[in-house]
Amino acid sequence: MLYSIRMRSAINGPHEEGGSHISGAERIVREEELEELGKELINRALHHSKGKADFINIRIDTLEEEKIQVVEALHITSSEVESYEEGRLLGKALLVKAGISEIALEKAFTLLEGLSLNMRGAIVLDAITGERLDEIPSRGVRVSHMDVWDKKKARDNLEARGLGNIHVQEALVLASKVLSSPGIVAELCWSDDPDYVTGYVSYGQTYHRITKMKNYGSPMGGRVFFVASHTDYEKVRHYLEEESVLVRIGEKG
Ligand code: WAQ
Ligand code: MG
Numbered sequence: 000m001l002y003s004i005r006m007r008s009a010i011n012g013p014h015e016e017g018g019s020h021i022s023g024a025e026r027i028v029r030e031e032e033l034e035e036l037g038k039e040l041i042n043r044a045l046h047h048s049k050g051k052a053d054f055i056n057i058r059i060d061t062l063e064e065e066k067i068q069v070v071e072a073l074h075i076t077s078s079e080v081e082s083y084e085e086g087r088l089l090g091k092a093l094l095v096k097a098g099i100s101e102i103a104l105e106k107a108f109t110l111l112e113g114l115s116l117n118m119r120g121a122i123v124l125d126a127i128t129g130e131r132l133d134e135i136p137s138r139g140v141r142v143s144h145m146d147v148w149d150k151k152k153a154r155d156n157l158e159a160r161g162l163g164n165i166h167v168q169e170a171l172v173l174a175s176k177v178l179s180s181p182g183i184v185a186e187l188c189w190s191d192d193p194d195y196v197t198g199y200v201s202y203g204q205t206y207h208r209i210t211k212m213k214n215y216g217s218p219m220g221g222r223v224f225f226v227a228s229h230t231d232y233e234k235v236r237h238y239l240e241e242e243s244v245l246v247r248i249g250e251k252g
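Per numbering that gives the first Met the number 0, the very first residue in the sequence shown carries number 0; after that it's consecutive.
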């Protein structure tokens, strides 16, 4: 039996009562791994650079193994930039290549740069009209039910490339699931962790890391998913939030 274990934590109360998001994480594991994972996730909620959570929610569900989908990880590239302004310009240029319209791009950056509370999920925008599709602005869509296919292979592969920190693996899993969704054409992300300034843009088969997407010390981050026009948003939401996906990292070449 496989289980989905998910943690979300906030400060100043639960998310749904206006608390500010501190951290979230999740795994897909076997029964004998649950206890250890529970410990690890509680530890992450209590010891985070954004502060000590006063609300922690841990949820465990069983999964129907035959419904789990397996997808290949995106290819990773990295670009070094001198400043976050340069990083955001590069991000925009990549998103233009991905077919995102000027108006959708403006909206994406205006929304992310204007956040006063971190969201727990991502903003979803129509890639052409810029129309916002996610339904609860303070929450967005939260990608869930995902993990790596083979934990050891994934870790060894990323470590060998100097990408052994947990942010990379978690973001690569999320980004690979996101781009495997029907309708999604690109993603823009930077972390809300004050000490983590690398972000990424993903589209096609590639996860483009950009070494500075915000100022060191900033506690604000976020994600935007761009969908093709006329995409059925409910299908996208269902895939991202409810369907289980395992991502193969380091399995080929
Ligand atoms: N689903 C949707 N949105 C999410 C999720 C999720 N499961 N988790 C986080 N977010 C949103 C939310 O608005 C967060 O505030 C924001 O993304 C940033 O989340 O070096 O660490 O977990 O290659 O802080 C990317 C670069 C790191 C990694 C991203 O994001 C690398 C990161 P964080
Ligand atoms: Mg974070």
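C-beta: ideal position from N, C-alpha, C; glycine also. Computed from a prediction, not measured in an experiment: that's the story for all the values here.
Look up residue i in the DSSP assignment and give the residues it is bridged to.
i, result
"T205", "H74, Y202"
"M212", "Paired residues: none, contrary to the question."
"N56", "R7"
"Q68", "V244"
"L1", "R29, L62"
"H20", "A9"
Can the beta-carbon of residue i be found closer than 8 Å to that of residue j?
i, j, result
"I75", "Y238", "no"
"E250", "F224", "no"
"V80", "I183", "no"
"I27", "S3", "yes"
"H144", "V244", "yes"
"R119", "R141", "yes"
"V177", "V70", "no"
"Y264", "V123", "Lying outside 0 to 252, the shown extent of the chain, residue 264 is not represented and no answer is given."
"S175", "L73", "yes"
"G98", "A126", "yes"
"A153", "I248", "yes"
"D191", "K38", "no"
"S19", "L110", "no"
"R29", "L1", "yes"
Given this structure, state the Cα-to-Cα distance separating residue i from residue j, to the nearest angstrom.
i, j, result
"Y83", "N164", "21 Å"
"L157", "V172", "12 Å"
"K234", "Q204", "21 Å"
"P193", "E112", "15 Å"
"S100", "A121", "19 Å"
"G90", "S78", "10 Å"
"K254", "P218", "This structure leaves residue 254 out entirely; the chain is present only between 0 and 252."
"G216", "E65", "43 Å"
"T61", "L94", "37 Å"
"S22", "N214", "19 Å"
"K211", "T230", "32 Å"
"H47", "Y195", "12 Å"
"L162", "G198", "13 Å"
"E31", "D149", "16 Å"
"A52", "H14", "11 Å"
"L33", "A24", "14 Å"
"S201", "N11", "33 Å"
Is residue i helix, strand or coil when you go by DSSP?
i, result
"V80", "coil"
"T61", "strand"
"S175", "helix"
"V142", "coil"
"H47", "strand"
"D125", "strand"
"L132", "coil"
"L104", "helix"
"I183", "strand"
"G221", "strand"
"V226", "strand"
"V147", "strand"
Using 8 Å as the cut-off, can you tell me whether the stretch 41-56 makes contact with the stretch 5-12, which would need three or more C-beta pairs spanning the two stretches below that distance?
Using a C-beta cut-off of 8 Å, the stretch 41-56 makes contact with the stretch 5-12, since at least three inter-stretch Cβ pairs fall below that distance.
Residues passing the C-beta test against the ligand NAP heavy atoms, cut-off 6 Å
As far as ligands go, the structure on display features the ligand WAQ and the ligand MG and does not contain the ligand NAP.
Cβ pair count under 8 Å reaching 3, the stretch 187-194 against the stretch 221-236:
Yes, the stretch 187-194 is in contact with the stretch 221-236.
If you pair each beta-carbon of the stretch 93-111 with each one of the stretch 124-131, do three or more pairs fall below 8 Å?
The stretch 93-111 vs the stretch 124-131: in contact.
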